[in-house]
């Protein structure tokens with residue numbers, strides 16, 4: 185129990201150091217955190233408990249980049265760290281609470297495309313870091329790196345859609361956004377199922393069109409995730425072949441953390457020494 189308590193205290197102190205490590209990312213973190221707290225206060229005054237939960241969740245998610253760097257001993261490029269922080273704010277606060285998903289065209293599409301690109305970078309980095317490990321070493325081709333980054337990104341995209349579907353089914357949420365469509369194409373429906381009217385309601389009928397319950401949103405999300413993953417995978421292939429010509433990609437690729445910046449290790453060692 186004492187070891188767990190010591191670890192949690194060390195983690196808390198290390199997390200504070202990690203958040204403050206880079207001035208630019210720390211400034212962005214402070215600005216976004218302040219904005220979320222202001223939104224949280226407003227939601228508390230309005231007694232909107234669902235949005236209160238979203239704000240609290242966002243405050244935790246803003247710590248994820250620093251937590252990942254501590255626990256996995258990797259160093260995120262400053263640009264990538266800032267991008268992740270802004271992405272979290274854009275998805276949770278602007279998207280969910282400020283309703284940008286509906287008021288701003290293609291807001292969801294842009295975020296899912298970025299997500300596909302960033303997740304592909306993470307997949308690429310995982311193989312790259314393993315290849316540099318002293319315990320695990322293997323030689324991989326540029327094509328293999330590109331395929332791994334692509335498949336990792338698509339896997340994360342699918343798992344996210346599983347999560348959205350589960351939230352909708354278990355908690356009656358609407359994370360898979362409904363879509364109003366005016367036409368449907370299906371082979372042989374008229375012959376198999378002629379028009380009929382049923383009193384036992386299993387669907388919603390509107391005189392403006394047919395209401396799709398999330399299928400279109402899910403497929404669009406997966407498609408743009410595919411686009412983002414493909415773009416990074418193509419760049420990663422050429423980057424692996426010639427790093428000097430595609431140095432800009434280093435802004436998206438995490439690296440192994442140096443021991444002198446391993447704040448969690450330092451705090452644990454410091455506590456043991458005391």
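In my numbering, the protein residues as written are 185 to 458.
Where a beta carbon is used, it is the ideal one built from N, C-alpha and C, also for glycine.
All values reported here derive from a predicted model rather than from experimental measurement.
Straight-line CA distance for residue 445 to residue 302?
So the two alpha carbons sit approximately 24 Å from each other.
Quick one: which unbroken beta strand (DSSP E) runs of 3-plus residues sit fully inside the region 243-306? Chain order, please.
Qualifying beta strand (DSSP E) stretches: none in this window.
Should residue 359 and residue 351 be called a contact, given that it needs their Cβ atoms to be closer than 8 Å?
Yes. Within cutoff.
Beta-carbon within less than 8 Å of residue 275's beta-carbon, same chain only, minus the 5 sequence neighbours each way: which residues are those?
Taken in chain order, the residues that qualify are 295.
Taking residue 360 as part of the alpha helix (DSSP H), name the residues at either end of that continuous run.
First-last for residue 360: undefined, no H or E at that position.
Residue 405 lies in the alpha helix (DSSP H); which residues open and close that run?
Start and end: 399-425.
For residue 191, collect the residues of the same chain with a Cβ closer than 8 Å to its Cβ; drop the 5 residues on either side in sequence, then sort them by chain order.
Within the same chain, residue 191 has close Cβ partners 452.
Between the C-alpha atoms of residue 381 and residue 411, what's the straight-line distance to the nearest angstrom?
Because the pLDDT of residue 381 is 43, which lies under 50, any placement of that residue in the model is unreliable, and the question is left without a value.
Quick one: what's got a C-beta closer than 6 Å to residue 261's C-beta in the same chain, skipping five residues either side?
Cβ neighbours of residue 261 beyond the five flanking positions: 435.
Return the CA-CA distance between residue 433 and residue 201, expressed in angstroms with no decimal places.
Looking at the two C-alpha atoms, the distance is approximately 27 Å.
For residue 189, name the three-state secondary structure that DSSP assigns.
Three-state DSSP puts residue 189 in a helix.
Could you tell me the distance, in whole angstroms, from the CA atom of residue 443 to the CA atom of residue 356?
Computed Cα separation, rounded: 47 Å.
Does the beta-carbon of residue 409 have 16 or more other beta-carbons within 10 angstroms, so that it is buried, or is it exposed?
Result: buried.
In chain order, what residues of the same chain have a beta carbon less than 8 Å from the beta carbon of residue 329, not counting five sequence neighbours either side?
Excluding positions up to five away in sequence, the list reads 308, 311, 312, 420, 421, 424.
Can you check whether the CB of residue 277 is closer than 8 Å to the CB of residue 171?
Coverage of the chain is limited to positions 185 through 458, which leaves residue 171 absent and any answer about it impossible.
Quick one: residues in its chain with C-beta nearer than 6 Å to the C-beta of residue 383, no 5 flanking neighbours on either side, listed in chain order?
Confidence is the limiting factor: at residue 383 the pLDDT is only 44, short of 50, which leaves the residue's position unreliable and the question unanswerable from this model.
Assign residue 345 to one of two classes, buried (16 or more other C-beta atoms within 10 Å of its C-beta) or exposed (fewer than that).
The residue is buried, with at least 16 neighbouring Cβ atoms inside 10 Å.
Taking residue 433 as part of the alpha helix (DSSP H), name the residues at either end of that continuous run.
From DSSP, residue 433 is part of no alpha helix (DSSP H); its letter is neither H nor E.
Please state whether DSSP places residue 382 in a helix, a strand or coil.
With a pLDDT of 41 at residue 382, under the threshold of 50, the modelled position of that residue is not reliable, and the figure given next carries that caveat. DSSP places residue 382 in coil when its eight states are reduced to three.
Using the beta-carbon count (16 or more within 10 Å), is residue 227 buried or exposed?
Counting Cβ neighbours within 10 Å, residue 227 comes out buried, since at least 16 surround it.
Determine the direct distance from the alpha carbon of residue 413 to that of residue 287, and round the result to whole angstroms.
Cα-Cα distance, rounded: 26 Å.
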